[in-house]
Amino acid sequence: MLLIYIASFLVCSAAEFSLVVPNTSVSAQLGSSVVLPCSLSPPLNTRTFEVQWYKNKDSERTVLLHKAENLQETERDARYKDRVSVIGELEKGDVSLELKNVTVADEGEYVCFVQSIIWYERGSVNLAVK
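The working numbering applies: residue 79 is where the sequence shown begins, and numbers increase by one.
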């Protein structure tokens with residue numbers, strides 16, 4: 079019984095994390111590519127986690143969704159088709175988003191949402207387009 083308790087404690091504590099995002103805006107030139115940083119602390123393997131990026135705190139406008147170890151293409155907003163990817167190493171807790179061919183409409187707040195079986199966190203990154 080003690081072993082079960084210890085094992086469940088270790089699993090639960092390993093799944094708790096916080097997100098590290100910049101506290102200042104990220105800038106990008108019109109037409110360029112930009113990385114919106116987001117990573118887990120401690121750096122857990124996020125391959126089996128749900129990783130969602132959405133714009134303006136509106137989860138209906140999904141920029142990218144990684145779930146069940148796959149990108150969910152059908153749930154992405156059409157404006158981001160072929161322009162976004164997770165550029166970080168999921169195995170090391172890096173869920174940073176690369177946005178290509180930046181447009182004026184891309185400017186604004188992006189939310190990085192990461193959920194494990196028992197824990198979730200979200201952080202936001204502001205994108206300024208010049």
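Every residue, glycine too, gets a C-beta built ideally from N, C-alpha and C.
Using only the alpha-carbon positions, how far apart do residue i and residue j sit?
{"i": "T224", "j": "L108", "result": "Since the displayed the chain opens at 79 and closes at 208, residue 224 lies outside it and no answer follows."}
{"i": "G201", "j": "S194", "result": "15 Å"}
{"i": "P115", "j": "L175", "result": "7 Å"}
{"i": "E147", "j": "E169", "result": "11 Å"}
{"i": "N204", "j": "P121", "result": "23 Å"}
{"i": "K145", "j": "E128", "result": "5 Å"}
{"i": "L97", "j": "N134", "result": "18 Å"}
{"i": "L149", "j": "N123", "result": "16 Å"}
{"i": "I196", "j": "L177", "result": "29 Å"}
{"i": "S86", "j": "E94", "result": "In this prediction, S86 scores a pLDDT of 38, lower than 50, which makes its location untrustworthy; the coordinate-derived value is nonetheless stated afterwards. Cα-Cα distance, rounded: 13 Å."}
{"i": "Y188", "j": "S103", "result": "11 Å"}
{"i": "K208", "j": "K159", "result": "22 Å"}
{"i": "V112", "j": "T140", "result": "18 Å"}
{"i": "L118", "j": "R154", "result": "23 Å"}
{"i": "Y132", "j": "C190", "result": "7 Å"}
{"i": "E151", "j": "I165", "result": "16 Å"}
{"i": "D172", "j": "R157", "result": "24 Å"}
{"i": "S163", "j": "L142", "result": "7 Å"}
{"i": "R125", "j": "N101", "result": "26 Å"}
{"i": "V99", "j": "E167", "result": "16 Å"}
Give the DSSP bridge partners of residue i, in chain order.
{"i": "Y132", "result": "T140, V189"}
{"i": "N204", "result": "E187"}
{"i": "S111", "result": "DSSP, once it has assigned bridges, lists no residue as partnering S111."}
{"i": "L122", "result": "Paired residue(s): none; L122 is not in a bridge."}
{"i": "A98", "result": "Correcting the residue identity first, residue 98 is Val in this sequence and not Ala. BP columns for V98 point to S117."}
{"i": "S105", "result": "A206"}
Rank the options by C-alpha distance to the C-alpha of residue i and give the top, closest one.
{"i": "A186", "options": "A206, N179, I196, K170", "result": "Per the sequence shown, the amino acid found at residue 186 is Gly instead of Ala. The option with the nearest alpha carbon to G186 is A206."}
{"i": "A106", "options": "V192, C190, F191, D184", "result": "D184"}
{"i": "N179", "options": "P100, N101, S110", "result": "S110"}
{"i": "E199", "options": "Q130, P100, S163", "result": "Q130"}
What runs of the beta strand (DSSP E), each 3 residues or longer, lie entirely inside the stretch 140-182? 140-145, 162-164, 175-177
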